[in-house]
Every structure is written in structure tokens, then in C-alpha cells.
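*Asks:* Quick note: full-length UniProt numbering has the sequence shown finishing at residue 425, numbered continuously throughout.
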Amino acid sequence: MLAPYRSILIHPGAKAFASAGLLSRLPIAMFNISFILMVQIQYDSYEMAGRVAAIGIVVWALQTVPTSRLVDRIGQRAAMLPLLVLHVLGVVLGIWTAMNGGAEWVLWIAVALASLSGPLGSLTRARWTNILDSDEDIHTAFALEGALDEVLFISGPALATILATTVWAPAGLVVSTIGMVVGLTILLSQRSTEPPTRTQTGGTSLGLKVPPAVVAVTFIALGLGLMFGAFDISVVGFSEELGYKSWSGVVLGIVAFGSFVGGLLYGTRHWRMALWQRTVVGTIALAVGFTVLAFSPNLVVFAIIGFFAGAAIAPTLTNADTVVQRVVKRDQITEGMSWLRIGMGIGVAAGAWVAGYLVDSVGAHAGLWLSAGAAIAMFGVALATAPVIRRDTERPEVRDSEDVHPPSQRDPGEWVEQPPTPPNV
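1. With respect to the alpha helix (DSSP H) encompassing Lys245, which residues constitute its N-terminal and C-terminal limits?
2. Taking C-alpha atoms, which residue in Ile95, Phe17, Ala14 lies nearest to Val52?
3. Quick one: any contact between the region 128-141 and the region 344-352, if contact means 3 or more CB pairs under 8 Å?
4. Among the residues of its own chain, which have a CB less than 6 Å from the CB of Glu47, if the five just before and after it don't count?
5. Scan the region 306-362 and note each continuous alpha helix (DSSP H) run of 4 residues or more that stays entirely inside, going in chain order.
6. From the DSSP output, in three-state form, read off Thr193 for me.
7. Sort Val388, Met180, Leu113 by Cα distance to Leu23 and report the nearest one.
8. Quick one: using the 10 Å Cβ neighbour count with 16 as the cut-off for buried, is Ile74 buried or exposed?
9. In chain order, what residues of the same chain lie with their CB nearer than 6 Å to the CB of Ser259, ignoring the 5 residues before and after it?
10. If distances are taken between C-alpha atoms only, which option among Ile28, Leu224, Glu145 comes closest to Ala287?
11. Buried or exposed: where does Ala3 fall if 16 or more other Cβ atoms within 10 Å of its Cβ makes it buried?
12. Using 8 Å for Cβ pairs, my map puts Ala256 next to Thr124. What's the rounded Cβ distance?
13. Suppose you measure from the CA of Thr64 to the CA of Ser239; what does that come to, to the nearest Å?
14. Can you find the residues in the same chain that come closer than 6 Å, C-beta to C-beta, to Leu9, ignoring five residues on each side of it along the sequence?
15. Check whether the region 80-99 and the region 132-143 are in contact - that is, three or more C-beta pairs closer than 8 Å.
16. For Leu252, does the three-state DSSP call read helix, strand or coil?
17. Given Ser34, which residues of its chain have a CB within under 7 Å of its CB, disregarding the five upstream and five downstream residues?
18. Does the count of Cβ pairs from the region 360-379 and the region 101-115 closer than 8 Å reach three?
19. By how many angstroms is the C-alpha of Val235 removed from the C-alpha of Arg399?
20. Within its chain, find whatever has a CB closer than 6 Å to the CB of Leu252; leave out the 5 residues flanking it on each side and keep chain order.
21. Could you name each continuous alpha helix (DSSP H) segment of 4 residues or more that falls completely within the region 112-158, going from the start of the chain to the end?
22. If we count the other Cβ atoms within 10 Å of its Cβ and call it buried at 16 or more, is Asp44 buried or exposed?
23. How big is the Cα-Cα spacing for Val39 and Glu394?
24. So Gly336 and Val324 are supposed to be a Cβ contact under 8 Å. How far apart are they, rounded?
25. For Ser401, which of helix, strand or coil comes out of DSSP?
Printed below as a string of C-alpha cells:
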């Protein structure tokens, strides 16, 4: 089953940048919930915690496209090191403010600075696109990245919750920041696998000419983000209502483990079903799973159902990434994927904000129903935009792209319109 993964990890530098990239993405799994827990513990308000988290996520979403363009234009190392410094400064300011009972507006500034972190989730995906030759390998690599993300979501929330509730309120933020500093430093030191800059290839940015299929999956990502944002804070509230607040991270980890298993299995196959069909099916599974989840009477039932509901998360994210990879140029891959992240970020911000209010004023189940509603809406968007996704991902120049020479066989000055694509299965 793991043979496809072994075949891509034997490429020079692949194991090194994949492991370093995993560590550098620790804030993706820990930063949001760590900030929520720190603020909730210090100020005893889920609503305030949701507001602060939402501000950070909005800033993160707004910075994603500009910083992604910067990465594509001047390179990962030159763009990401200054952003790393800003992230560390924001975390330090946030911890100092919260631990001294400072004003909420200062926390807004702190979380905004810390959210200027760049396109962390796209850095290694761009490297895979740069070093791999075959369509099948790119499909497997994207599935691997999705599965590795779920490793973070398995350990990250649980670790953040344990640290915040049993050690020190900001301890999760400290661990998250150390992981990002160490991982990103190692990743950026690996120059051999870094993609060429747009200046070197002579390419241009997407600008406002975003392909319709990318717009479609961006709105799907918006629904995913709304579902995630509402889900995280609602699980914390649900666990507290039952008297097991410290177990909320474990429950989130179980859901993420389901996603990890689903993503890992998904990447071992080359599917006969078309990409647009798989995109719709993934959202159906999420809509059904998270709706059933909202009926859970206790944490045990919640965790069991959550494992199976979560199994559709990583495959759905992989499908969205693959849609982008199919329709944008190679030196636009970071920017193209940033639209998914900005859609997801806005959704997470809205979900966290509204769910925080619902948990405080109505109860945790109201937040869980918000998450379920977002999943249902996401299915509606996927169904409505399926013709657009099908048209863009199956147009002749995409189907013919497999005839283009892979990176290792092209002249340095040769440019191609489309990157190699996973098989249309």
C-alpha cells in the first residue's frame, strides 16, 4: 500500500523538505486553538476568544495571496524569513498582553502580526511540483501532504489543549512557534529543491485572471473553513459542558486521525472516477458525517462518529489542491493554492466568530449545527460548480499536458502552459 509513497520519497531532498515542512506547519494545527485557549482561560470568554481568533484569521487570509505572489516572484527563502520574524514578534506580544490582562485591541494587533506567516501550506507542495516527473507521482505527493497535515491536526490540538490547561495558558503558542522557527529554518536552507522564481522563468502572476475552476474550489474551501472554524471552538465548548474540557484536544485529534487515514488510503489509488465527481462525492460525505455528528449525546459517541466523518476531509482538500494544480502554470502554483487558503481562512474566521457567540449564548450544540450547516452548504456549492470544474480540468490542453516534457527533461529556458497533472481518473 505504501509503495507509491516510497517512490516519491526516494527523490533527492524529498524526505528532508517533507519532514522540515511538516514541522514548519505546526502553527496551522496549533496556533488558532492555542490562542483561543489562552484568551478563554485568561479572560473567561469564548466570545472574546472567537473575536481575537477571527481577527487573526482574516489577516492571515488577506496576506495569503500577496505573500504567495512574493514567494513565487523572489523565492521561498527571500520571502519567508522576514515573515517568520513578524510571526515571532506577534506571538511574543500576544502572550505578554494576555498574561498581563491587557486590552483586547492589543491582542488584535498581536494576532494580526503573528498571522503574517506566509503560505506555509503551499511551500512543500510547490517543491513537489518542481521535482516530480510523472502525473501519478504528483497525485500521490499531494495526498501525502494532505495526510501529513492531518498528522499535525492529530497531535497539534491535543498537545495545545494539554499544554494550555495543565501547564501554562500560552504554552501551546510557545511550542507552535518553536516548531515553525526550527522547521522553516531547515526547509529554507534546502536550496536544491526550491522552485525557480517567476523572475527566472519569465512568467507572470495570476492577478485577477483566476481560472473559474479555482474560483469554484475557493468557495468550496470557504465552506470547509466555516465548518472547521465552528467545529474547533464548539468541540471545546461541548467538552466543557460535559465536564471534560481537557479532552477536547483529544477528540479533535481523533477526528483528524480519521482524516489522516482517509487521506493516506486515498493517495494509494489512481481513481477511475473523474476529479470533478470525486470533489462532489467528498462534500457529500462531509455533509452527511458532520450532520450526524451534531446529534451526538456524549464525547464517546462524538469521537467514534467524528473519526468516520473526518475520513473525508483530507481527500476533499487533496481534490481542491489537484484542481488548482491542473489549471494554473507551474510558477503560479503557490499563488493559485493561496486562493484556497484565503477562502478557507475567511470561512474559519466567520465560523470561529459566530460559533463563539453561539456557544456562549445558546450552547455548544448550536455551534455544532453551524458546522453541519456549513458542510451542507459546501456540498451545494460543489454540486452547482461541478460543470465548471469539469470543463476546466478536462479541457484539451489539460488532457494533453501529459505529453509535455517533465522538469528533469526540459531545457532551462523552456516554458510550458500547464504543469503535469494527475491522471483524470
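All C-beta atoms, glycine included, are put in the ideal place defined by N, C-alpha and C.
Note that the structure is predicted; figures quoted are calculated from it, not measured.
*Replies:* Put simply:
1. What you label residue 245 is simply residue 245 of the sequence shown in a count that begins at 1. Looking at the DSSP string, Lys245 is not in any alpha helix (DSSP H), and its letter there is neither H nor E.
2. If you number the sequence shown from 1, residue 52 lands on position 52. It is Ile95 whose Cα lies nearest to the Cα of Val52.
3. no
4. As a first step, residue 47 is located in the sequence shown; it is residue number 47 there, counting from the start. Excluding positions up to five away in sequence, the list reads Gly356, Tyr357, Asp360.
5. 313-327, 333-361
6. Stepping through the sequence shown from its first residue, residue 193 is reached at position 193. Of the three classes helix, strand and coil, the one that applies to Thr193 here is coil, per DSSP.
7. For the purposes of this step, residue 23 is taken as residue 23 along the sequence shown, with counting starting at 1. That would be Met180, whose Cα lies nearest to the Cα of Leu23.
8. What you label residue 74 is simply residue 74 of the sequence shown in a count that begins at 1. By the neighbour-count rule (16 or more Cβ atoms within 10 Å), Ile74 is not buried but exposed.
9. Taking the first residue of the sequence shown as position 1, residue 259 is located at position 259. These residues qualify, in order along the chain: Glu150, Gly310, Ile313, Ala314.
10. As a first step, residue 287 is located in the sequence shown; it is residue number 287 there, counting from the start. If we check each option's Cα against that of Ala287, Leu224 comes out closest.
11. Working through the sequence shown from its first residue, we reach residue 3 at position 3. So Ala3 counts as exposed.
12. Taking the sequence shown and counting its residues from 1, one reaches residue 256 at position 256. Taking the sequence shown and counting its residues from 1, one reaches residue 124 at position 124. Rounded, the Cβ-Cβ distance is 18 Å, inconsistent with contact.
13. By one-based count along the sequence shown, residue 64 stands at place 64. By one-based count along the sequence shown, residue 239 stands at place 239. For Thr64 and Ser239, the distance between alpha carbons rounds to 32 Å.
14. Start at 1 with the first residue of the sequence shown, and residue 9 comes out as number 9. Correct list, in chain order: Lys15.
15. no
16. Numbered from its first residue, the sequence shown carries residue 252 at position 252. Helix at Leu252.
17. By one-based count along the sequence shown, residue 34 stands at place 34. So the list reads Ala160, Ala164, Gly172, Leu173, Ser176, once near-sequence residues are dropped.
18. no
19. By one-based count along the sequence shown, residue 399 stands at place 399. By one-based count along the sequence shown, residue 235 stands at place 235. Bear in mind that the predicted position of Arg399 carries a pLDDT of just 44, short of 50, making it unreliable; the figure below should be weighed with that in mind. Looking at the two C-alpha atoms, the distance is approximately 43 Å.
20. For the purposes of this step, residue 252 is taken as residue 252 along the sequence shown, with counting starting at 1. Here the set comprises Pro157, Val235.
21. 120-131
22. Counting from 1 along the sequence shown, the entry for residue 44 is found at position 44. Asp44 is exposed by the Cβ-count criterion.
23. Indexing the sequence shown from 1 puts residue 39 at position 39. Indexing the sequence shown from 1 puts residue 394 at position 394. Each residue's Cα considered, the two are about 47 Å apart.
24. In the sequence shown, residue 336 corresponds to position 336, counting from 1. In the sequence shown, residue 324 corresponds to position 324, counting from 1. Going by Cβ atoms, the distance from Gly336 to Val324 rounds to 4 Å, so yes, they are a contact pair.
25. Looking up residue 401 in the sequence shown gives position 401. With a pLDDT of 46 at Ser401, under the threshold of 50, the modelled position of this residue cannot be trusted; read the value that follows with caution. Here Ser401 sits in helix by DSSP.
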